[in-house]
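Under our numbering, the residues of the sequence shown are numbered 0 to 232, in order. Quick reminder that beta carbons are idealized off the backbone N, C-alpha and C, glycines included. Computed from a predicted model, the values in this text were never measured in an experiment.
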Amino acid sequence: MKISVFSVPGIPLGKQNVKDPRLDQADKLVSAKKKTYVQVELVGEEAALDADVIMTLKESRLDLILRDLDFVETRLSRAPEAGESALLQKFKSALEKEEFISGLELSPEEKELISGYGLLTLKPVVVVENNELEDLGALLFKVMGLSGFISFLTVGDKENRAWLIKKGTTAWEASGAIHSDIQKGFIRAEIISFSDFIQAGGETQAKQAGKMRLEPKEYVMQDADLASFRFNK
């Protein structure tokens with residue numbers, strides 16, 4: 000996951016750990032040799048188009064909007080065909096209201112039409128406050144959650160770990176985040192919800208309480224699910 004830091008001073012670029020408090024809680028309940036957080040890459044605003052999400056301050060959000068508005072107006076001045084023109088007018092109307100394009104409902108055809116556009120606010124944009132910059136770990140956790148990503152946890156033995164996935168990811172897709180071989184041989188997912196895990200006091204206790212569920216590949220992963228994937232080797 001790449002996060003573009005747009006006009007936010009004092010944020011170091013490069014790879015950073017996302018300090019997930021759920022993983023910290025899990026690590027206290029299940030012993031493992033290692034604890035591994037989700038890692039994201041922070042890039043500058045010049046790399047915004049390649050990023051998954053843009054992080055900016057309240058006073059800089061208008062700059063993002065104006066950049067997109069300039070692009071849209073330039074495109075409209077070239078007299079595009081009717082379908083593209085109508086879509087650009089929709090964007091122009093939203094931007095002039097100081098709204099992000101990501102807030103608009105777009106059809107698959109419209110998404111295809113603009114696939115080559117360099118629009119910044121088509122991406123998720125997370126507006127942060129100055130006082131949030133003091134705790135980078137907590138800030139990145141917030142940005143991750145507000146930009147359409149969640150994590151699931153695997154615990155025990157060598158490593159307690161958080162894995163980054165998009166909201167709506169299935170168990171089959173999530174297993175591939177760990178290893179492609181697990182995804183290829185997927186049989187089922189063994190899932191314990193995070194709330195059941197905490198309430199029971201650990202993974203073993205949750206299983207003894209009957210809180211572990213067997214889920215098929217179509218199961219949609221929930222934030223902080225504890226997962227173990229069974230697969231044919």
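Inter-residue spacing [alpha-carbon to alpha-carbon] between residue i and residue j
i, j, result
"F196", "D19", "16 angstroms"
"G115", "D49", "12 angstroms"
"L86", "S192", "42 angstroms"
"G9", "L119", "22 angstroms"
"D134", "E128", "11 angstroms"
"D2", "D62", "With the sequence shown as reference, residue 2 is identified as Ile, and Asp is not the correct amino acid for it. Spanning the two alpha carbons is a distance of roughly 17 angstroms."
Cβ-based burial, residue i [other Cβ within 10 Å; buried from 16]
i, result
"L213", "exposed"
"A47", "buried"
"T203", "exposed"
"A188", "buried"
"D23", "exposed"
"A199", "buried"
"R229", "exposed"
"V219", "exposed"
"R77", "exposed"
"D69", "exposed"
"T55", "buried"
"T234", "No statement about residue 234 is possible, as the shown extent of the chain runs from 0 to 232 and does not include it."
When the options are compared against residue i, the one with the closest alpha-carbon
i, options, result
"L139", "E104, D224, L163 and T168", "L163"
"L28", "R229, N231, F230 and L225", "L225"
"D156", "N16, E98, I2 and K34", "K34"
"N16", "T55, G136, E80 and K110", "G136"
"G102", "E217, E131, V125 and K166", "V125"
"K166", "G144, N159, L152 and E80", "G144"
"E131", "E45, K57 and A223", "K57"
"A205", "H178, A93 and I190", "I190"
"S59", "V4, P215 and E217", "V4"
message: Could you tell me which whole alpha helix (DSSP H) segments of length 4 or greater appear in the segment 137–224?
response: Whole alpha helix (DSSP H) segments, 4+ residues: 170–177, 179–183, 193–199 and 202–207.
task: At 4 residues or longer, and completely inside the segment 14–68: list those alpha helix (DSSP H) runs for me, N to C.
output: With a minimum length of 4 residues, the continuous alpha helix (DSSP H) runs that stay inside the segment 14–68 are 20–28.
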